[in-house]
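*Asks:* Residues in the sequence shown are numbered consecutively from 174, following my numbering.
Yeah, the Cβ is synthetic: ideal placement off N, Cα and C, and Gly gets one too.
Just passing along the structure, written as C-alpha cells.
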Amino acid sequence: MIKADMDWPNLAFGYYKTDQNIRFTWRNGSWDNGVLTSDETLPLHMAATCLHYGQECFEGLKAYETKNGDVVVFRIEENARRMIRSCKKILMEPPPEELFIDGCFRAINANRKYVPPYGTGASLYVRPFTIGSGAEVGVKPASEYMFIVLVTPVGPYFKTGFKPVDMIIEEKVDRAAPLGVGDVKVGGNYAASLRAGVAARKKGYADVLYLDAKEKKYMDESGPANFFAITKQGQYVTPDSETILPSIINMSLITLAEELGLRPERRPVEVEEIFEFAEAGCCGTAAVITPIGSITYRDRKVEYCKDGQPGRYCTELYQRLIAIQTGDAPDPYGWVRVVPK
Ligand code: PLP
Ligand code: COI
Numbered sequence: 174m175i176k177a178d179m180d181w182p183n184l185a186f187g188y189y190k191t192d193q194n195i196r197f198t199w200r201n202g203s204w205d206n207g208v209l210t211s212d213e214t215l216p217l218h219m220a221a222t223c224l225h226y227g228q229e230c231f232e233g234l235k236a237y238e239t240k241n242g243d244v245v246v247f248r249i250e251e252n253a254r255r256m257i258r259s260c261k262k263i264l265m266e267p268p269p270e271e272l273f274i275d276g277c278f279r280a281i282n283a284n285r286k287y288v289p290p291y292g293t294g295a296s297l298y299v300r301p302f303t304i305g306s307g308a309e310v311g312v313k314p315a316s317e318y319m320f321i322v323l324v325t326p327v328g329p330y331f332k333t334g335f336k337p338v339d340m341i342i343e344e345k346v347d348r349a350a351p352l353g354v355g356d357v358k359v360g361g362n363y364a365a366s367l368r369a370g371v372a373a374r375k376k377g378y379a380d381v382l383y384l385d386a387k388e389k390k391y392m393d394e395s396g397p398a399n400f401f402a403i404t405k406q407g408q409y410v411t412p413d414s415e416t417i418l419p420s421i422i423n424m425s426l427i428t429l430a431e432e433l434g435l436r437p438e439r440r441p442v443e444v445e446e447i448f449e450f451a452e453a454g455c456c457g458t459a460a461v462i463t464p465i466g467s468i469t470y471r472d473r474k475v476e477y478c479k480d481g482q483p484g485r486y487c488t489e490l491y492q493r494l495i496a497i498q499t500g501d502a503p504d505p506y507g508w509v510r511v512v513p514k
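In C-alpha cells form, the structure reads like this:
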C-alpha cells in the first residue's frame with residue numbers, strides 16, 4: 174500500500190483532507206445503502222433541524238495500522254451503541270449497529286492510504302455523525318436524517334502528547350445540566366463548553382475541568398475527555414455522574430487498572446479530594462491518556478508531576494492501552510477488530 178505523503182509523526186489533531194466520506198440517508202422509514210463521495214460539502218436544506226435546533230450527534234474512534242499491516246479499530250460496537258443512545262435522547266433516527274460499523278469500515282477502506290504507518294504514533298480518526306436533515310420550522314424532530322462518516326489522520330489531541338498538562342477547574346460555566354444531555358455525545362454540549370475552553374487556553378491551561386452543575390461540589394469531566402485519578406492507597410477513581418459522557422477508554426482503563434493491581438472505584442469524587450490524589454489524568458479516544466500535571470481550583474493549585482514526568486500508573490495504563498489498541502500486545506478482552514478489506 175502506497176501511503177499518502179504526510180508528515181506522519183508531526184500531525185496535529187485537525188482536519189486533513191482524505192479521499193472519500195460515506196453518507197446514508199433515512200427517508201420514508203428506512204436507511205439507504207450509503208454512498209461514498211469525494212465531496213467535502215453537504216447538500217443540506219437550510220431549514221434542516223441540525224442547523225436550528227441542534228439535532229446532531231457524533232462519535233469518535235481511531236484506526237491504527239498494526240505491525241503486520243492490518244488496520245484495526247477499538248471497541249467499535251461501543252461507539253455504535255453510544256450513537257444509538259445519543260440519537261434516541263434527542264429523538265433522531267439511530268443508525269443500526271451494523272450500519273454504523275459498515276459505514277465506518279467502508280470509509281476507512283476508501284482511505285487506507287491515510288491510515289498512518291505503524292509506529293508513527295499517529296492514527297486515522299473516524300468521525301461518524303448523525304444529523305436531522307429534514308426541514309422543520311417548528312421545534313420538532315426532523316422527518317429525514319443523514320448518517321455520515323468522515324476520516325482524517327491525526328496526531329495527539331493535546332499538543333504535548335503524553336506529557337503532563339495543566340488544567341483549571343471552571344465554576345462559572347456549566348457544560349451540561351442535570352437531567353439534560355451531558356451523558357450523550359450531542360454537538361450542543363461542545364458549543365456550551367467552547368467559551369470556557371478558549372478562556373482557559375488563553376490563560377495557559379490545556380483545558381478545563383467541570384464540576385457538577387447542581388452543587389459545584391463534585392468532579393465531572395473535562396471538555397473532550399473523562400477525569401480519573403490514582404489515590405495514594407492504590408485506587409483508580411473516576412466520577413460517577415449523570416452529566417458526563419460514559420467514556421469507552423475510561424471503561425477500558427477500569428479493566429486495565431485492575432490488571433495493574435489498582436482498585437477501580439466509580440463514585441462521586443469531591444473536588445476537595447484532588448488535593449490528596451497521587452496522580453490524575455484525562456482519558457478518551459482523542460486524549461488517549463493525558464496525564465494532568467496540575468489542577469488550579471480557585472486560589473489553590475495542586476501539582477502531581479513535580480519532576481515534569483507522568484506518574485507511574487498513568488504511564489503503565491497508557492502503555493498497556495496503546496499496546497492493545499495498536500495490536501502490539503495480545504487482546505484478551507476481544508476489544509480490537511481488524512477492518513475487513
Ligand atoms: N467526555 C467527553 C465530553 C468526550 O467528548 C469524550 C470523547 O469522546 C470522552 C469523554 C471520552 O470518550 P471515549 O473514551 O469514548 O472517547
Ligand atoms: C473523541 O475523543 O473522540 C472526541 O470526540 C473528543 C473531542 C475531539 C471532542
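Could you check how far apart the C-beta atoms of Phe186 and Tyr330 are, in whole angstroms? I think they sit under 8 angstroms.
*Replies:* Residue 186 sits at position 13 when you count from the first residue of the sequence shown. Residue 330 sits at position 157 when you count from the first residue of the sequence shown. Sure, about 5 angstroms apart at Cβ, within 8 angstroms.
*Asks:* Is it buried or exposed for Lys358, if we count other Cβ within 10 angstroms and need 16 for buried?
*Replies:* Stepping through the sequence shown from its first residue, residue 358 is reached at position 185. Result: buried.
*Asks:* Once the 5 residues before and after Gly466 are set aside, which same chain residues still bring their CB inside 7 angstroms of it?
*Replies:* Locating residue 466 in the sequence shown gives position 293, where the first residue counts as 1. Closer than 7 angstroms at the Cβ level, and outside the excluded window around Gly466, lie Pro337, Val338, Asp339, Glu476, Tyr477 and Cys478.
*Asks:* Among Met424, Val461 and Glu343, which residue has its Cα nearest to the Cα of Val444?
*Replies:* As a working note, residue 444 is residue 271 in the sequence shown. The residue with the shortest Cα to Cα distance from Val444 is Glu343.
*Asks:* Quick one: grab the DSSP three-state call for Ala236.
*Replies:* Indexing the sequence shown from 1 puts residue 236 at position 63. In this structure, Ala236 counts as strand in the three-state DSSP scheme.
*Asks:* Is it true that the CB of Glu251 sits closer than 8 angstroms to the CB of Tyr291?
*Replies:* Along the sequence shown, read from residue 1 onward, the residue named residue 291 stands at position 118. Along the sequence shown, read from residue 1 onward, the residue named residue 251 stands at position 78. No.
*Asks:* Check whether the Cβ atoms of Ala350 and Ala402 sit closer than 8 angstroms, and answer yes or no.
*Replies:* Here residue 350 is taken as the residue at index 177 of the sequence shown, counted from 1. Here residue 402 is taken as the residue at index 229 of the sequence shown, counted from 1. No. Outside cutoff.
*Asks:* Let me know if Asn194 comes out buried or exposed under the rule of 16 or more other beta-carbons within 10 Å of its beta-carbon.
*Replies:* Sequence index remark: in the sequence shown, residue 194 carries index 21 (1-based). Looking at its Cβ environment, which holds 16 or more other Cβ atoms inside 10 Å, Asn194 is buried.
*Asks:* First and last residue of the beta strand (DSSP E) that includes Tyr318?
*Replies:* Residue mapping note: residue 318 aligns to position 145 of the sequence shown, counting from 1. Run containing Tyr318: Tyr318 to Val327, per the beta strand (DSSP E) assignment.
*Asks:* For the segment 361-434, which segments carrying the alpha helix (DSSP H) assignment without a break, of at least 4 residues, lie completely within its bounds, in sequence order?
*Replies:* Whole alpha helix (DSSP H) segments, 4+ residues: 421-432.
*Asks:* With Arg300 as the anchor, note down where its beta strand (DSSP E) starts and where it stops.
*Replies:* Position 127 of the sequence shown, counting from 1, holds the residue named residue 300. Ser296 to Gly305 is the span of the beta strand (DSSP E), which, as asked, contains Arg300.
*Asks:* Are at least three pairs of beta-carbons, each pair with one atom in the segment 316-334 and one in the segment 264-281, less than 8 angstroms apart?
*Replies:* The segment 316-334, when compared against the segment 264-281, does touch it at the 8 angstroms Cβ threshold.
*Asks:* Any heavy atom of ligand 2 inside 7 angstroms of the beta-carbon of Gly187?
*Replies:* Looking up residue 187 in the sequence shown gives position 14. No, the Cβ of Gly187 stays beyond 7 angstroms of every heavy atom of ligand 2.
*Asks:* Regarding Thr210 and ligand 2, is the C-beta to nearest heavy atom distance less than 7 angstroms?
*Replies:* By 1-based counting over the sequence shown, the position of residue 210 is 37. It does not: the Cβ of Thr210 is nowhere closer than 7 angstroms to a heavy atom of ligand 2.
*Asks:* Is the beta carbon of Arg196 closer than 8 angstroms to that of Glu232?
*Replies:* Mapped onto the sequence shown, residue 232 falls at position 59. Mapped onto the sequence shown, residue 196 falls at position 23. No. Outside cutoff.
*Asks:* Whole angstroms are fine: how far does the CA of Asn362 sit from the CA of Tyr165?
*Replies:* No information on residue 165 is available, as it lies outside the stretch 174 to 514 that the chain covers here.
*Asks:* Can Ala349 be considered in contact with ligand 2, in the sense that its beta carbon sits closer than 7 angstroms to one or more heavy atoms?
*Replies:* Position 176 of the sequence shown holds residue 349. Outside the cutoff, so no.
*Asks:* Is Pro419 near ligand 2, in the sense that its beta carbon is under 7 angstroms from a heavy atom of that ligand?
*Replies:* Taking the sequence shown and counting its residues from 1, one reaches residue 419 at position 246. False, no ligand heavy atom lies under 7 angstroms from that Cβ.
*Asks:* Report the option in Ala460, Gly276 and Gly396 whose CA atom is closest to the CA atom of Thr210.
*Replies:* Indexing the sequence shown from 1 puts residue 210 at position 37. Of the listed residues, the one whose Cα sits closest to Thr210 is Gly276.
*Asks:* For Ala315 versus Thr222, is the C-beta distance shorter than 8 angstroms?
*Replies:* To locate residue 315, count along the sequence shown from 1; it is residue 142. To locate residue 222, count along the sequence shown from 1; it is residue 49. A contact, by the Cβ cut-off of 8 angstroms.
*Asks:* For Ile468, I'd like the list of residues in its chain whose CB is within less than 6 angstroms of its CB, leaving aside the five on either flank, ordered along the chain.
*Replies:* The sequence position of residue 468 within the sequence shown is 295, counting from 1. Excluding positions up to five away in sequence, the list reads Met340, Ile447 and Val475.
*Asks:* Could you check which residue in Phe302, Ile304, Lys286 and Ala398 has the C-alpha nearest to that of Lys514?
*Replies:* Numbered from its first residue, the sequence shown carries residue 514 at position 341. For Lys514, the nearest C-alpha among the options comes from Lys286.
*Asks:* In chain order, what residues of the same chain have a beta carbon less than 8 angstroms from the beta carbon of Gly242, not counting five sequence neighbours either side?
*Replies:* Reading the sequence shown from its first residue, position 69 is the one you call residue 242. Cβ within range, chain order: Met174 and Tyr291.
*Asks:* Cα-Cα, which of Thr404, Tyr506 and Thr416 is closest to Glu432?
*Replies:* Along the sequence shown, read from residue 1 onward, the residue named residue 432 stands at position 259. For Glu432, the nearest C-alpha among the options comes from Tyr506.
*Asks:* DSSP beta-bridge partners for His341?
*Replies:* Here residue 341 refers to the residue found at position 168 when the sequence shown is read from its first residue. Note on identity: in this sequence residue 341 is Ile, with His being the wrong assignment. Note: Ile341 sits in a beta bridge opposite Val381 and Thr469.
*Asks:* Pull the bridge partners of Glu452 from the DSSP assignment, please.
*Replies:* Along the sequence shown, read from residue 1 onward, the residue named residue 452 stands at position 279. Answer by DSSP bridge pairing, in chain order: Ile403.
*Asks:* How would you label Gln228, buried or exposed, when you count the other beta carbons within 10 angstroms and need 16 or more for buried?
*Replies:* Along the sequence shown, read from residue 1 onward, the residue named residue 228 stands at position 55. It counts as buried.
*Asks:* What did DSSP end up calling Thr499 once you bin it into helix, strand or coil?
*Replies:* Residue mapping note: residue 499 aligns to position 326 of the sequence shown, counting from 1. Note: Thr499 maps to coil in three-state DSSP.
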